[in-house]
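Accompanying notes for the structure given below.
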Amino acid sequence: MESILPLLGAGLLEAVQPLNFLMILLGCTIGLMVGAMPGLGSVNGVAILLPITFLVPPTAAIIFLAAIYYGAMYGGAISSITLGIPGASTAVATVFDGRPMAQAGKADKALTAAAVASFIGGTISVVLFTLFAPPLAVLALKFGPVEEFALMVLAFATFIGLGGDDIPKTIFSILIGLVLATVGLDIISGQPRLIFGDIPGFLHGINFLVLAIGIYGIGEMLWTLESSQGKITVHKVRMSLGILLGNLKDVKEYIKTTSLGSMIGFFVGTLPAAGATPASLMSYGLAKTFSKDPESFGKGNVAGVAAPEAGNNAASTGSMLPMITLGIPGSPTTAILLGGMIIWGLRPGPLLFTEHPGFVWGLIGSLYIANLVTLLINLAFIPLFVRVLTIPFSILAPVIYILCVVGGYAPTQTMHDVWLMFLFGVVGYLLRKLNYPVAPAVLAIVLGPLAERSLRQSLISSHGDPLIFVERPISAICIALGVALILYPVIKKRLNRKKQAA
Amino acid sequence: MAVIMGLCSIGLMVKSAELNIGWIDGRGPGSGSWSFWLSAGMLLTCIATLVRWFFGTTPESRNRELYMTRDTVLVVGTSAGAILFLLVLTHLLGMYGALILFLLFYLKFIGRHSWGLTLVLTIAIPVAIFCLFEWALKIPLPKAWTEPMFYPIYDLMYS
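Chains as they are written, first to last, in the numbering used here: chain Z, 235 to 736; chain R, 3 to 161.
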């Protein structure tokens, strides 16, 4: 603990450097707006805006993107409460009680509770992050290519076992992401691979951003266009300092559920595939289970707003833990952050703590600051964010499409990538209509090169013997857990069938 | 969709097999082996999806609703078509010319906004994109034959 405090202090100082602090302010504000927009979440904001971060140094860039992530988690509640439409899937559970509260004229109370709970969730999780990250990084230093590959198998298995989606479709999504990552020059022999039609654009590979922007920018907007054909009404929110202070006094009504939701959120968030959506749903479920008045949930109980908001904010920080310490992202947003770090020449993983301590602790420090800044911006500008929601979709959509096209062009400056991004967007939308999960593909294209390198290095060292993955303890544990996770849905299904038959 | 994806998987397997997909002594797996076996896995998952569809075990296979309704085709198709139009025009007119026409089309004909708002946004958004990407990020966007029109602005920017 004594060794962490000076590093954390240095990180906080790094985070309040003028440029970094400006990035926090900008990121939190943009994140709040992005999160508040129906159909847009942190992953869309981070994917679309990553190319413009090339303007600033890596530390400021990752601080900006992490602040967007944070802000979006707060912002999701705004549309859930005032529109009854979750800004992102992570805020679905907030609708259950947030909407009835808004309909009962208590939108201000629900929004304050969401903001305060998000702050508590964010604070608890960032403290847990600070405590867990250094020892996990030390453990991860023992990892070689064998353990790295086994860990990636575990990450993919988590998507299959806990993702809750159709298993063959989830595996397909992972595999297509991995295949797309192989396009270009072979990482070991340098031979051109999967160069379709001898198009030279494929030689530099498929940038993960092309897939991420295609799926989360264009594909998501097409999806939103289809699903939001109904009329949307925004509930009016009256907010003043007096109302705000009055609402803040109600914290005691939901502090217990918020704290519990924060702890659950953090640990669920650390699991790849689980992330903020199940974390918020689990927090909501537990808040209802332990409530003295479970009947009031779904009818406008403030604890039903606070618990999922604490859960999703805590999960967003939790998902950064495996990304920073192990190089395995815990959510699609952190997968994009990880890809961004690779672009900036930083290799996420245990060595990051020893090779770039300023960067890591600056990021951790920024999480503390961003949490506070987002709370203040959120509470101060709730009416403004509600007004943003009234921007017609027919203005928002072309702006986002343009940002996608220009953002897809910027990293490699070829129209080839923009065409690919458009193709991925349309195919992603069509696949999503058939319930193919798209997040595993994004995770896979980011991890693909690392997975292939570690597999091939492991096999070369073992002279082609795949048993090496079960002969070493850490990798054997990871593989065993992976197999258990893959079998988990099958066993669960059989047990359910037996129960129903009995 | 599973059939199309299955065919794509076979295509990827064939393409991967153009390289060595076996074991090379001293060098490990051949260059094509990783992508070959991943594509084979994709093919298996597509077969599994088809089998599950045939036996009606997935919600989608029991769903009798149209995959794309007329309204969806119209709404989504118009947007996707507009982006396609933007990309084709980028090759012909450069990014900025394409952005102006795209915004005019989207705001006036899809959004049915007033001419005033349409014109303000049609000018303001490309200017903002220019300032952010060309001026701040120093990333030149494609301009096709309109490139010489930007020389006076470059002179101002870099003088």
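Glycine included, every Cβ here is placed at the ideal spot set by N, Cα and C.
As the structure is a computational prediction, the values presented were derived from the model and not from experiment.
Residues of chain R with CB under 8 Å from residue i, in chain order?
i, result
"Phe393(Z)", "Within chain R, no residue comes near Phe393(Z); the closest Cβ sits about 13 Å away, beyond 8 Å."
"Arg690(Z)", "Gly30, Pro31, Trp36"
"Lys522(Z)", "What Lys522(Z) touches in chain R: nothing, since even the nearest Cβ is about 26 Å away."
"Leu289(Z)", "Ala138, Leu139"
"Leu693(Z)", "Gly30, Pro31"
Starting from residue i, trace the alpha helix (DSSP H) in both directions and tell me its first and last residue.
i, result
"Ile401(Z)", "401-416"
"Glu705(Z)", "702-705"
"Ser314(Z)", "292-316"
"Met13(R)", "Rather than Met, the amino acid found at residue 13(R) in this sequence is Gly. Segment 4-18, the alpha helix (DSSP H) holding Gly13(R)."
"Thr511(Z)", "510-524"
"Asp420(Z)", "Segment: none, Asp420(Z) is in no alpha helix (DSSP H) and carries neither H nor E."
"Leu106(R)", "72-106"
"Ser550(Z)", "536-552"
"Cys133(R)", "Cys133(R) -> no alpha helix (DSSP H), and no H or E assigned at all."
"Lys667(Z)", "649-667"
"Trp36(R)", "35-56"
"Gln190(Z)", "The shown model of chain Z, from 235 to 736, leaves out residue 190(Z), and the question about it has no answer."
Given that residue i touches chain R, what residues does it touch there, using C-beta distances under 9 Å?
i, result
"Tyr635(Z)", "Ser81, Ala84, Ile85, Leu88, Phe104, Tyr108"
"Ala644(Z)", "Phe135, Leu139, Ile141, Leu143"
"Gln647(Z)", "Ile141, Pro142, Leu143, Pro144"
Going straight from the alpha carbon of residue i to that of residue j, what length do you get?
i, j, result
"Leu585(Z)", "Leu388(Z)", "21 Å"
"Met44(R)", "Phe406(Z)", "5 Å"
"Lys465(Z)", "Gly318(Z)", "With a pLDDT of 48 at Lys465(Z), under the threshold of 50, the modelled position of that residue is not reliable, and no figure is offered here."
"Leu560(Z)", "Leu94(R)", "46 Å"
"Glu382(Z)", "Leu375(Z)", "11 Å"
"Ala84(R)", "Gly279(Z)", "22 Å"
"Asp432(Z)", "Leu445(Z)", "20 Å"
"Tyr518(Z)", "Ala540(Z)", "8 Å"
"Phe500(Z)", "Ala371(Z)", "17 Å"
"Ile282(Z)", "Phe298(Z)", "13 Å"
"Ala82(R)", "Thr293(Z)", "36 Å"
"Ser696(Z)", "Gly24(R)", "16 Å"
"Phe703(Z)", "Ile634(Z)", "44 Å"
"Ser11(R)", "Ala249(Z)", "47 Å"
"Gly599(Z)", "Leu259(Z)", "14 Å"
"Asn669(Z)", "Lys533(Z)", "30 Å"
"Thr364(Z)", "Glu20(R)", "49 Å"
"Ala244(Z)", "Val594(Z)", "11 Å"
"Asn254(Z)", "Gly8(R)", "47 Å"
"Trp457(Z)", "Met70(R)", "12 Å"
"Gly305(Z)", "Ala718(Z)", "35 Å"
"Val424(Z)", "Val672(Z)", "Strictly speaking, residue 424(Z) in this sequence is Gly, with Val absent from that position. Going by the C-alpha atoms only, they are around 29 Å apart."
"Lys667(Z)", "Glu705(Z)", "42 Å"
Between residue i and residue j, how many whole angstroms is the CB-CB distance? I'm expecting something under 8 Å.
i, j, result
"Leu555(Z)", "Gly545(Z)", "Not really, about 16 Å apart at Cβ, beyond 8 Å."
"Gly573(Z)", "Leu443(Z)", "7 Å"
"Gly682(Z)", "Thr416(Z)", "7 Å"
"Ile312(Z)", "Phe619(Z)", "5 Å"
"Val268(Z)", "Ile302(Z)", "7 Å"
"Met655(Z)", "Gly448(Z)", "4 Å"
"Trp4(R)", "Leu52(R)", "Looking at the sequence provided, one finds Ala at residue 4(R) rather than Trp. 5 Å between Cβ atoms; contact."
"Thr551(Z)", "Val360(Z)", "5 Å"
Would you mind telling me which residues of chain Z sit closer than 7 Å to residue i, beta carbon to beta carbon, in chain order?
i, result
"Ser41(R)", "Val413"
"Leu134(R)", "Ile286"
"Leu1(R)", "An answer regarding residue 1(R) cannot be provided, because it is not within the stretch 3 to 161 covered by chain R."
"Trp25(R)", "Gly698"
"Leu101(R)", "Ile636"
"Glu62(R)", "Leu668, Asn669"
Closer than 9 Å by beta-carbon distance: list the chain Z residues that pair up with residue i, in chain order.
i, result
"Cys48(R)", "Pro402, Phe406"
"Ser18(R)", "Val413, Thr416, Arg427, Leu428"
"Gly113(R)", "Pro626, Phe627, Ser628, Ile629, Ala631, Pro632"
"Ile127(R)", "Pro632, Val633, Ile636"
"Met3(R)", "Leu664, Leu665, Lys667, Leu668, Tyr670"
Comparing the CB of residue i with every heavy atom of the ligand SAH, is any distance shorter than 7 Å?
i, result
"Thr71(R)", "Although the ligand SAH was asked about, the structure shown includes no ligands whatsoever."
Residues of chain Z with CB closer than 8 Å to the CB of residue i, please, in chain order.
i, result
"Leu121(R)", "Simply none; closest approach about 13 Å."
"Tyr156(R)", "The contacting residues do not exist; Tyr156(R) stays about 17 Å from chain Z at best."
"Leu14(R)", "Val413, Leu428"
"Thr1(R)", "The structure shown does not extend to residue 1(R), since chain R spans only 3 to 161, so no value can be given for it."
Find the residues of chain R that neighbour residue i, judging by a C-beta separation of less than 7 Å, and give them in chain order.
i, result
"Ser423(Z)", "Ser33"
"Phe531(Z)", "None at all; the shortest Cβ gap to chain R is about 27 Å."
Practice problem: Decide yes or no for the touch test of the stretch 666-682 of chain Z against the stretch 87-102 of chain R: beta carbon pairs closer than 8 Å, at least 3 of them. | Solution: no
Practice problem: Indicate whether the contact test is met: 3 or more Cβ pairs, each with one atom in the stretch 345-359 of chain Z and one in the stretch 490-507 of chain Z, closer than 8 Å. | Solution: yes
Practice problem: Take every Cβ of the stretch 24-40 of chain R, pair it with every Cβ of the stretch 64-71 of chain R, and state whether three or more of those distances are shorter than 8 Å. | Solution: no
Exercise. Report yes or no: do the stretch 100-119 of chain R and the stretch 641-661 of chain Z share at least 3 C-beta pairs separated by less than 8 Å?
Key: no
Quiz item: Which of the residues in the stretch 340-374 of chain Z, read from start to end, lie with their CB under 7 Å from any CB of chain A?
Solution: Structure shown: chain A not included; protein chains present are Z and R.
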